[in-house]
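Let me begin by presenting the structure, written as structure tokens, before commenting on it.
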Amino acid sequence: MRCSTRSFSCRPCSTGLTTGAVCVFFINAYANPANEQRAVAAVRALWPNGYVTAATEVLPEIREFERCSTATLNAALQPVVGSYLTRLERDLKAQGFGGELLVAQSNGGVMSRQTASDVPVRTALSGPAAGVIACAAIARAAGFANVVTGDMGGTSFDVSLVAGGEASLCAQTSIEFGMVVRSPMIQIETIGAGGGSIASQHGRRRQDPGTKRTGARRHRLPYRDLPGRDGACCRQHVAGVLR
């Protein structure tokens, strides 16, 4: 196994690849991770960067599909999230920030910059999750223990339930192409229609928000450039709801 692992690890390195990531997955490692750990150690000794994910380090549970899917997504995210957070922390320090950089998790908590770089899959839906936590705090302050939260961005509308003052949790979620993320997270249902969704008219009675987006245009409203195809935020502005 050691020779085959070294051969696999050296192959992309010999072609000059320096920016990729690797996920190491052994199907029965949830019961005994020793072989997977040895393979990971061999890969990390040869791989040109630190983006190597061991599936059992991300999800040490039975059910190989969920474990492999979650670990593979984690490996794909490591170069993107890791480099971004490194730059962010560096820039914050250069501007005099002396505190600790914390990153929101999908379960509503926070984690260190290093943990977020190592296990970035835990940031899946962390933005909407932070919104749910904020809504729950506002609702409690206003005297409401049970609320439905709505969070509209440019491309989606996210809904969650707060019951008894606490956000609902789930064990996993699915994203595009059947990929599963198995990690504790706030339960959020998402539809693909947000503030920038372009509406179109079908006949006299039916409006379709559609899948096309207006995009961001600074200092002017998108509907000026797209007559008859207004985004959701533009329609709210024209109606006087948004000012």
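The end of the sequence shown is residue 243 by UniProt numbering, with every number in the run present.
Ideal Cβ placement from N, Cα and C applies to all residues, glycine included.
Where residue 289 falls: helix, strand or coil (DSSP): Residue 289 lies beyond the residue range present for the chain, which begins at 1 and ends at 243; the question has no answer from this structure.
P128: CB within 8 Å of a non-hydrogen atom of the ligand FMN: Here there are no bound small molecules, and the ligand FMN is not part of this structure.
Whether A116 touches V103 by CB criterion (9 Å): Within the sequence shown, the letter at position 116 stands for residue 116. Within the sequence shown, the letter at position 103 stands for residue 103. It is a contact, given that the beta carbons lie within the stated cut-off.
Residue from E66, V43, C135 whose Cα sits closest to the Cα of N146: Start at 1 with the first residue of the sequence shown, and residue 146 comes out as number 146. It is C135 whose Cα lies nearest to the Cα of N146.
CB of A55 within 9 Å of CB of R67, strictly: Residue numbering aside, residue 55 sits at position 55 when the sequence shown is read from its first letter. Residue numbering aside, residue 67 sits at position 67 when the sequence shown is read from its first letter. A contact, by the Cβ cut-off of 9 Å.
Identity of the residues DSSP links to G99 by a beta bridge: Counting from 1 along the sequence shown, the entry for residue 99 is found at position 99. In the DSSP output, where bridge partners are listed per residue, G99 has none listed.
Limits of the beta strand (DSSP E) - the one that V52 falls within: Position 52 of the sequence shown, counting from 1, holds the residue named residue 52. From DSSP, the beta strand (DSSP E) with V52 extends over 52-54.
Counted within 10 angstroms of its Cβ, other Cβ atoms place T86 as buried (16 or more) or exposed: Here residue 86 refers to the residue found at position 86 of the sequence shown. By the 10 Å Cβ count, T86 comes out exposed.
T123 (DSSP reduced to helix, strand or coil): The residue you call residue 123 lines up with position 123 of the sequence shown. Residue state, collapsed to three classes: helix.
A31 versus L46, P60, P48, residue with shortest Cα-Cα distance: Mapped onto the sequence shown, residue 31 falls at position 31. Measuring from the Cα of A31, the nearest candidate turns out to be P60.
Own chain, CB closer than 8 Å to V166, minus 5 neighbours either side, in chain order: In the sequence shown, residue 166 corresponds to position 166, counting from 1. It should be noted that the sequence gives Glu, not Val, for residue 166. So the list reads A136, once near-sequence residues are dropped.
Own chain partners of E189 with C-beta closer than 6 Å, once the 5 adjacent residues on each side are dropped: Against the sequence shown, residue 189 aligns to sequence position 189. Correct list, in chain order: V159.
Straight-line gap, S197 to D151 (C-alpha atoms, nearest Å): Residue mapping note: residue 197 aligns to position 197 of the sequence shown, counting from 1. Residue mapping note: residue 151 aligns to position 151 of the sequence shown, counting from 1. The straight-line gap from Cα to Cα measures roughly 14 Å.
R182 classed as buried or exposed, judged by whether at least 16 other C-beta atoms fall within 10 angstroms: One-based indexing of the sequence shown puts residue 182 at position 182. It counts as buried.
Endpoints, the beta strand (DSSP E) within which E189 is located: On the sequence shown, position 189 is the one that residue 189 refers to. First-last of the beta strand (DSSP E) with E189: 189-191.
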